[in-house]
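Quick notes on the structure that follows.
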Ligand SMILES: [Zn+2]
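In my numbering, the protein residues as written are 576 to 864.
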């Protein structure tokens, strides 16, 4: 018994955990699934928070100061809080372009890149739509990018990361079959959403976004725009209004009350990626069946 305890202690102390900061819960979950016990993950945003406007806390700076790796969603989604935190962290290892920095947006093809960026366009998506994580088919690509980064920072753990990735990819492809089946209800649907949050999901499953409750990304609705949407929902035969968890809900409910379209409130993030896509796919299947 004593020998076993000694062995356990020796094994658990034989490597130092990588200290990772993830900006969003879904990223933190993915890092944990690949890094397992070799990583210590701290997550900045809450899954119920507006991802464009995360409120920084003093604890964030302390965590960034001692971090080995910062993983971000990128495409300017974190531009309102990460640059200032990075500066205050005074940690050269995790600055953009350094070994301890990973921007996941570099591994997927961004959609909706604006031709030119101006205030008139709204100003929250200057590099294209950053919400690529809501297409479940993108997740394995990002898991692989995380594995590569963990391997480069911790060579002795690379075999574990490779194995964890293989297990993850197998589980994910089984889940994808189920999600693809449920989300096939989206094909051919015309949809209105509050923000351009689910565009990658709608594109993947063949639905069309015909309008947003925000007149422009990041700009709140006006009575006139809302009235125009009521007309659009009626004329286009929209059955579904996608509402996120962090915006006001009155406008969506008003449009639904005037048209008979259905409001579905969907999460955009979560501490468990499998549960996130389970919830999204079940809610959409129920709404459109
Ligand atoms: Zn956005």
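Note that the Cβ used here is the ideal one computed from N, Cα and C, for glycine as well. As the structure is a computational prediction, the values presented were derived from the model and not from experiment.
Can you tell me whether DSSP reads residue i as helix, strand or coil?
i           : result
residue 823 : coil
residue 786 : strand
residue 676 : strand
residue 648 : coil
residue 597 : strand
residue 683 : coil
residue 838 : strand
residue 690 : coil
residue 818 : strand
residue 666 : coil
residue 853 : helix
residue 802 : helix
residue 591 : coil
residue 846 : coil
residue 699 : coil
residue 658 : helix
residue 808 : helix
residue 653 : coil
residue 860 : helix
Considering only heavy atoms of ligand 1, does any lie closer than 7 Å to the CB of residue i?
i           : result
residue 843 : no
residue 822 : no
residue 701 : no
residue 776 : no
residue 790 : no
residue 644 : no
residue 784 : no
residue 712 : no
residue 705 : yes
residue 800 : no
residue 772 : yes
Could you spell out the range, first to last residue, of the alpha helix (DSSP H) harbouring residue i?
i           : result
residue 606 : 600-610
residue 778 : 774-779
residue 640 : 633-640
Where does the unbroken beta strand (DSSP E) through residue i begin, and where does it stop?
i           : result
residue 616 : 614-618
residue 791 : From DSSP, residue 791 is part of no beta strand (DSSP E); its letter is neither H nor E.
Ignoring anything shorter than 3 residues or poking outside the segment 701-770, list the beta strand (DSSP E) runs there in chain order.
765-768
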